[in-house]
Each structure stands twice: as structure tokens, then as C-alpha cells.
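Trainee: Chains as they are written, first to last, in this note's numbering: chain A, 10 to 239; chain B, 339 to 1066. Just passing along the structure, written as C-alpha cells.
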Amino acid sequence: MRSAVIVFPGSNREGDVADAIERSTGRRPALVWHAEASLPSLDLIVLPGGFAYGDYLRTGAIAAQSPIMREVRARAEKGVPVLGICNGFQILAEAKLVPGVLLSNASLKFVCKDVYLRVETSQSLFTQRYATGEVMRVPCAHHDGNYFADPQTLDRLEGEGQVAFRYCTADGRTTATANPNGSARNIAGVFNATKNVLGMMPHPENATDALLGSTDGKKMFDGLVDAVAR
Amino acid sequence: MTTQRPNDLMGLTPAEYDRAVEILGRPPNRTELGIFSVMWSEHCSYKSSKKWLKTLPTTAPWVICGPGENAGVIDIGDGDAAIFKIESHNHPSYIEPYQGAATGVGGILRDVFTMGARPIANLNALRFGDPKHPRTRSLVSGVVAGIGGYGNCVGVPTVGGETNFHASYNGNCLVNAMTVGIAKADRIFYAKASGPGNSVVYVGAKTGRDGIHGATMASAEFDENSEEKRPTVQVGDPFKEKLLIEACLELMATDAIVAIQDMGAAGLTSSSTEMAGKGGLGIELDLDKVPMRESGMTAYEVMLSESQERMLMILKPGAEDIALRIFRKYELDCVTIGTLTDTGRLVLKMHGRVEADMPIAPVSAAAPEYDRPWTPTPARPVVEAKDVPAHALGTALAQLMASPDLASRRWIWEQYDYLVRGHTMIRPGGDAAVVRLPGTTKALAMSVDCTPRYCVADPERGGMQAVVETYRNISATGARPLAITDNMNFGNPERPEIMGQFVGCIAGMRQACEALDYPVVSGNVSLYNETSGNAILPAPVIGGVGLLAEAASAVGIAPKAAGEGLVVIGEGEGWLGASLYLRELCGREDGAPPPINLGLEKRHGGLVRALIEGGMVTACHDVSDGGLLVALAEMALAGGLGLALAGADPDVSPHAFWFGEDQGRYVVSAADADAVIGVARSSGVFARRIGATTADACLTLDGSVLISLDVLRAGHEGWLPDYMAGRG
């Protein structure tokens, strides 16, 4: 599988996700600097976590205007899978490649801890190795992960199956205390309308190695390999 | 020679001023006086502490570079090196907590990546005043947010630390930040300049008027007007630091750099004079070329600015273009601002005028060194357990576990990204943090520790205990402790009793380092931590680093299953002097602290490492603050398991047995406890079975319930968030 991780000034989890992809594919993704205007032929594009442009202005706002984003948009429109994690999700939202916005956490504090996610649909390139309703444990680490969209949009996303993950308890209940940041309807990740673009706040890439505590995130990357193989 | 002295000596003593005049052969101008002032400040010159720091052991076969460079370097095998240092940002953090703490993190990161290391972990040691003091809550909030704000953004995980509260810190909080990095042992960069004619290149952020004379401010006591010192605190830009890290490491992968030094305390002054001074050379700078954030800056301001995220480099001839290409990619300034000379002088030019012309060697190498008078700390009487009230064990445990110094720090570390880079194996909340080294089977364990209440009671024991506690915490993960960095936080050294604390702590540290083959490779001294004559409890904070050859063998403090046996390694006599039990349950802070047997520390450490390496234990925890029952309760909470305790020493009263803070002890959890006890006995180490893990959600002692896990957890986890929310 040919994959690329886009590196913006201030990205800091590009290595984490490159390691996770390598664990599933046996192949190191290309790291592409944001100032590049073109991309090679690819099966997966990842926008990694971090603080692109220091999160100054608004999270993701400046990075969404980087030269490479025109090319990312073009590939996304052609159906290439694009995964934005944490800051990558914020950039995708600012670029309007996924619906909604990310506000500051309800606590107004950075939060780093393990959370439980309920897989809302197994019907996607990213979630096909999970069962719908399956609960996974992965870490989150962000200051601005509070997902927001107006109620009509949220209804539409739910109706179209565009909600990928919700924060939940260990046994799958979507309670307020299981929600680390105040996200609307406990939403942790959303797809675009064609479900080839996924934005999510938690870090599946940091849950791909038993030595580091959890392998629940590995099935996402394994699933993407399956998708390419088909 | 008598000179008319100016009214403002910028913190120099009259004698120091006269010495400056003698060196120059004339009175210094304002810029030169400013340079003397910062270079001879306590912060930069270590003039009160140098005599004693020199007595610490700094060598071992695995030490590549000891104190004197930006950070210490040790060999961790296979051509890899670990580079680390701890540094204080106490004074700025009290004045402006967010920026003070943030720039403390930024500064220590630069000390480490300046040497060519990729930073892989941050730790911190924080000390705040009485929780009831009106400023404490806002200081905790600001300092924690500042550390997180900076560390999270630069993408270096904050994996460990410690936090204390005590009224002696009401007017002086302590913020000590440590960074650990890794590099190839043959690719270490040093600050020693060479090659007259080589370019002096400035990279990073622009210079502004922030932090002017910060080093001088950090070398004076506070008084009621300290809040007015806010303009001397620097402002951090972690995004720029992240770019600077990447740009420097990219340039370091080429062959362009002769020497490199970050601009920390005393900014351009210390970086330029230190690099030239170490090389026995001179340096000439054209200050008009320095990238500036504001117009109209004077030579004095440019030289003394402590603007952050800046580095100074000496490049090989013709290498400027390589540097420029890399720094342009990251949109950072990269400007040649001068050249090395063979004159041995610092010459500064601006607007076509010579603004300073002074010899470097006498200013840097011949800085004043004082042998300050000191008086030993009087010994305190030993507190006998029979003279200490015995509270019900369950109630006492609940109260201790929910006390400010033992309550869970989750509220703090959940604001730090402790996972970024994806190699954190043992997270905050245990003994030492463990971070795997990518591409190898190895991992580093690291811990910062100090028990100031022991240090004030008996500085020698306290200094020794700080070293052995890191040794134990690292050993408890299975790692071999290799070396330490020290952060000496004390009051005004001009007072003999404070100097006596310093001398005592150093003596204890020295003995521990020597006995444990655990040398000091870097460090920092912060004196004058007092306000209106009230000094802090002395805090020689130790940051230790150890190596695990097989990362997969590491253990944490959480037992894995019900039915495991619990074994205490090491014997206790029930030492309650200077303990948390005495302070929290009896309202007393008196008594001699527990003695330390360094020979036993070494044997016990070696034993637990062997048990862990042999896969014989599922968890290990050192016994420290609060004693044995607290250590056991922490293991129970971490594992979510109950404990059935039995087997206390009948010759020691129960409150002293369970809460005594005797040193040199660990608790291990093992599927086969008999085998553990057998190995201990055959090594001549005392070991006692103290109970077993259970599936019941409570702690029992000899069959009676002490406390439920729920009650224990609620108090332990609740105190800090409740306090910060104003509910405490």
C-alpha cells in the first residue's frame, strides 16, 4: 500500500502514524512537506496530529490553506482515502472536507487520556475490520476537540451514516462523563458524504502496539490494507 | 585604584564592580556593565555553589560528557547516547506562572537539542505553597497550563514528575523542568568554538525587549514589589521552538556546524562569550545584523534580551548556504552576525560605533567564586513511635491518600500529552516513566524526586535520600540507574544557615552517588528562593535516568491478577520522624528523617532488577512518602484489585509499621511469592510476605476490612480536582 503523511509546520504525530501504518503494511509511508504542490500515486493520505502553525488563529485554519491541500482535496474527490487525526481532523474541518467544526474542550483544558469509542458503522474503508457497536480503547490528546455542528447537520450525519465513532463507556454507553471534551452527541469522528474521508480526534495510531498498552487501533490500519488489496 | 562608582551597579557588589574596572583598565560603559552583571550573576556564574558542586562525582565508564556543557551525555550502548538536564524557572514562574513555566520547558529543551539530541521526554518537579494560601491555586493552574501548552505543542511527551505543597513555598514556587534526548554517541555537538575567521550565525526567533536582565532577577530575593518584575519574564513561542528543533536537527545531520549554543539566560551575551571562551578565542559581532522584533533597540538591550527560541552557531567556512536553505524551509531567521577572532576579546559594534570591547577570559572563566560562611544544621531528636498517637489504620490511610502531597496528580498529568511520539510504555502515575527507544529493544526509565521535609530536618540525609529515591524508582521498573542531573533549589546563600543546608545536601548526594555508581552529569542551581527573609524548604531535586536492555521486561506498579502474593523487600523499624503520618495526622513536622544504608540500597535495587528481568514479578513499587500501607494502597488502586494484608512485624507498633518511612524498601507482587522470598534470602536480603491481591474491592488486615477501594479512590482522586475547582 502506498501511503503519504502530510507534514505541516508544527505537526508532531507524523512519526506515530507512520509507525502504525508500517506495522500494518510493512511499508514506511512517504512524509510530504506541506509546501509541496503535488503528490505521487497513493492509496492513503494521512493528515497527522500536532499543532500546525502553533494553533495560532484557529486550529487548522492556516494549514488548511497550505499548497498541498489543493492536491489533497483533488485526491479526496477522486476517492482516495484521506484520514485526518486530531489536528488533521481540525484541518479537514477547516478545509470543509468533513462537516462540522472543532471548538475548545468544554473544560478549557488540554486532555490526554484513554477513551472508549463505539464504532457506529462497519460500513467504511476505515472501520470494516470492526463490528458495528464494537468498543475500542484509544488515547486522546487535544485542547480543541469539542465537535460542533448545528442540529440539522447532526441529524443528517446520523441519517446518512456519517458518524464514525462516539465517545462511550467501557460497555458502550454514550454518557456525558464518557465524553472528554463536550462534543455534540458524543461524536468523536465523522466521514464525508462519500465516506472516503474520515476525521477523528482520538489517536488510533497510538493504540497499535501491545507493549504500549492497546492494539485496538490497529484494525483501522489493517482494514485499509484490505481495502487496497481488493 | 579608586573609582567613582555609578549609582546602579546592576546587581554587582561594589567589590565586583571594582574588579570589572580592574579587568578593563577603565570604568565599563553601560553595555559592558550589563554584560559583567549577567555573567557574574549567581544564575550564570555559580559563584556561591561552585566550590561545593566540584565535590560531586561526575565520572563513570558510561559518562561521555559531564557538567559544564549544555547537558550531560551518557553512553547507553550500541552507539546510542542519552542527553539530559534539569533546570529551574522558579522566579519567573512565580511572577508570571504560564509564561514562566512554559519558557522553562523551552529553555531546557534547547539545552538538550543544542547537543544534537532528539528530545524524547520531559519531566518536571513542582513545589507550591500551602493550598490555603490565596495565590496557590492560580499558580498551580498557570504553571501546569504553561508546561502543557509548551510541551504539548513541541511534541515532546511529558511523562513524569512530582508535586509538593508546603507553606514555605508561599512566596517562591519551584518549577524545575527536565528534558531527556537521544543521539548517536559520535554525533554530539559542543559549545567550544574553533577556527578564527569562521562565521557566527544567529538562528531562530527575532530579538525583542523581553526578559532583559532575567538572570539578574533570578539571582535576587523577592520582596513585596516582586510583581513589578513582570517585564523581566520572557514570552514563549512553542511553535517556533518546534521549527527550531527540526531545523537544527536537520542541519546537524550535515557537516556544517563547528559549535552551537542556545541563547538562554543572558541571551546573546552568554552564548557568544561562552563559545569563544571555551575555544580560547575572541568574537566580533555586528549588532545591526541581529534580527530584531522592535526598532530602536540599544546594544545593551540586544545583548541582555532573553527572547526565546534563539541559537548561536559557529559554521564551517562555506556552510552558510546549507544552513540558510534549511532555515528558510522552516521560515526561521538565519543571519551571519559576526566572526570568530584570535584576539580573545568580545567586540560589539552597532551603528558604526564600538559598543563594547572587553577580554573574554576574565569575564567568563575568572568569574567570582565565593567560599560563603556556613553553619551546620543542628541535628533533630529521633521521634519514638510510642510518643506518636496511633490512629485507626483505615482512617489514617484514607486521610493520607487524600492529603495534598499524596493525592493523585491525574488533574495535572492529563493536561500533558504524555503519549506523543508513540513510545511511552509506563505513563505518569507510577514510579519512573519508561520510554522505549525506537529501532531497538531498549528503553529509558526516568524519575525526578526530592523530599524537602527530610532536607530541612537533616540536609545530609535529605540530599542522600533524593538520590536514592530516583535510584529506587528507576530500579522498580527493572531499569539500571545510570546517572543523574541535579537542580539545587535553596534560599539566600549569604545566610550561613542556608549555605549550611546547601553544603549538607551536597555531602549526602556525594555519598549516595559514589556508593551507587550513579554520577552527576549536569545540573542547575537556583538560590535566593526566599521572600522577605523567609526561605523555602531546601529542595535538591534529582532527575535520574536508567536503562532497560529489554523494554518488554519493564513492570509498573499495578499487580496483574487476584491471588498474587505481595512481598516487602527490605526491613522497616517503623521510623515516624519527619514522616507524612506525623505531619498529616498529628500536625507535627519535627524529628530526624529516616537513616539510609547505601549498601542495602544497592543490594535491594540489584535484587528487584534481577527479579524483574527474570520475569518473577508482575509489579513493583518503592516504599516512600507515607510508608508501606500507602505504597500497597497505590498498587491496589493502580491494579483495581483488593488486598488481603497480614504478616506485620509484631515487634513494631502497627501505626509505625504501616506508616513508617524507613528507606531502602520495595513491594513486589508475584504469582509465586515463595520463589521471590527464596531468591531474596539466597541474596541475603530481608523479605517479608505481607499479603495477597484479591478480587474483593477492599483492603483487609488480618481478615478485618480497613477500607473499600471506592472510598480510597474517591479521596485519592478527588482532592486535587476539588481543590482546583474551589470545592476543597
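Glycine residues also receive a C-beta, built at the ideal position from the N, C-alpha and C atoms.
1) If contact means a Cβ-Cβ distance below 8 Å, which residues of the region 144-172 of chain A contact chain B?
2) Looking at the secondary structure, which residues open and close the alpha helix (DSSP H) in which Gln599(B) lies?
3) Just to confirm, are His959(B) and Ala948(B) a CB contact at a threshold of 8 Å?
4) If we cut at 8 Å on Cβ distances, does Asn21(A) have a partner in chain B?
5) Residues of chain D with CB under 8 Å from Glu214(A), in chain order?
6) Of all the beta strand (DSSP E) runs that stay within the bounds of the region 704-792 of chain B, which reach a length of 3 or more residues?
7) How should Glu972(B) be labelled, buried or exposed, when 16 other C-beta atoms within 10 angstroms of its C-beta is the threshold for buried?
8) Quick check on the DSSP output: the beta strand (DSSP E) that includes Met954(B) runs from which residue to which?
9) Whose C-beta lies closer than 6 Å to the C-beta of Asn514(B) among residues of the same chain, with five residues either side of it excluded?
10) With a floor of 4 residues, list each alpha helix (DSSP H) that falls wholly inside the region 830-904 of chain B, ordered by position along the chain.
11) Kindly indicate if chain B contains any beta-carbon less than 8 Å away from that of Phe230(A).
12) So what's Ala982(B) in DSSP terms, helix, strand or just coil?
13) My guess is that Arg648(B) and Ala543(B) are in contact by the Cβ rule of under 8 Å, so how many angstroms apart are they, rounded?
14) If we count the other Cβ atoms within 10 Å of its Cβ and call it buried at 16 or more, is Thr808(B) buried or exposed?
15) Could you spell out the range, first to last residue, of the beta strand (DSSP E) harbouring Pro819(B)?
16) Got a sec? Which residues, its chain only, sit under 6 Å from Ala994(B) by beta carbon, not counting five neighbours each side?
17) Just the C-alpha distance for Val596(B) and Leu653(B), rounded to the nearest angstrom, thanks.
18) Exposed or buried, what is Asn345(B) when buried is set at 16 or more other beta-carbons lying within 10 Å of its beta-carbon?
19) Among the residues of its own chain, which have a CB less than 6 Å from the CB of Val863(B), if the five just before and after it don't count?
20) Would you mind telling me which residues of chain B sit closer than 9 Å to Tyr62(A), beta carbon to beta carbon, in chain order?
21) Does the Cβ of Arg343(B) have 16 or more other Cβ atoms within 10 Å, making it buried, or fewer, making it exposed?
22) Given a cut-off of 8 Å on the beta-carbon distance, is the pair Lys580(B) and Asn21(A) in contact?
23) Should the region 144-153 of chain A be regarded as contacting the region 223-232 of chain A, the criterion being three or more beta carbon pairs within less than 8 Å?
24) Taking Cβ to Cβ, would you say Leu134(A) is nearer than 8 Å to Gly232(A)?
25) If you measure between the beta carbons of Gly901(B) and Ser785(B), is that distance less than 8 Å?
26) For the region 46-59 of chain A, which residues have a beta carbon sitting closer than 9 Å to at least one beta carbon of chain B?
27) Give the residues of chain A in contact with Asn490(B), contact being defined as C-beta atoms less than 7 Å apart.
28) Does the Cβ of Met339(B) have 16 or more other Cβ atoms within 10 Å, making it buried, or fewer, making it exposed?
29) With 16 as the cutoff for other CB atoms within 10 Å, does Ala890(B) come out buried or exposed?
30) In this structure, how does DSSP classify Ala13(A) when only helix, strand and coil are distinguished?
31) Following the continuous alpha helix (DSSP H) through Val640(B), name the residue where it begins and the one where it ends.
32) Looking at chain A, is there any beta carbon in it that lies within less than 8 Å of the beta carbon of Lys580(B)?
33) Return the chain-ordered list of same chain residues with a C-beta closer than 7 Å to the C-beta of Lys940(B), the five sequence neighbours on each side being excluded.
34) So if DSSP puts Pro933(B) in a beta bridge, which residue, or which two residues, is it bridged to?
35) Residues of chain A with CB closer than 9 Å to the CB of Ala890(B), please, in chain order.
Mentor: Per the coordinate set shown:
1) Pro148, Ala150, His152
2) Counting along the chain, Gln599(B) falls outside any alpha helix (DSSP H), though it belongs to the beta strand (DSSP E) covering 595-600.
3) Between His959(B) and Ala948(B), the C-beta gap is not smaller than 8 Å, which leaves the two residues out of contact.
4) yes
5) Of the chains in the structure shown, none is chain D; the protein chains are A and B.
6) Restricting attention to beta strand (DSSP E) runs no shorter than 3 residues, the region 704-792 of chain B encloses them at 762-764, 771-774, 781-787, ordered along the chain.
7) buried
8) Looking at the DSSP string, Met954(B) is not in any beta strand (DSSP E), and its letter there is neither H nor E.
9) Ile424, Ser426, Ala463, Asn825, Val879
10) 834-854
11) no
12) strand
13) 5 Å
14) Its Cβ being crowded by 16 or more others within 10 Å, Thr808(B) is buried.
15) It spans 818-827 - the beta strand (DSSP E) in which Pro819(B) sits, taken as one unbroken run.
16) Ala723, Gly912, Leu914
17) 5 Å
18) exposed
19) Apart from sequence neighbours up to five positions away, the residues of its chain that approach Val863(B) with a beta-carbon distance below 6 Å are Tyr384, Ser387, Met826, ordered along the chain.
20) Phe577
21) By the 10 Å Cβ count, Arg343(B) comes out exposed.
22) yes
23) yes
24) yes
25) Taking 8 Å as the cut-off, the beta carbon of Gly901(B) is found no closer than this to the beta carbon of Ser785(B).
26) Per Cβ criterion, the list reads Gly58, Gly59.
27) Phe119
28) Residue placement at Met339(B) cannot be trusted, given a pLDDT of 49 that sits under 50; the coordinates are not used to answer.
29) Exposed, because fewer than 16 other Cβ atoms sit within 10 Å of the Cβ of Ala890(B).
30) strand
31) 637-642
32) yes
33) Ala853, Leu854
34) Per DSSP, none; premise fails for Pro933(B).
35) The answer, in chain order, is Leu220.
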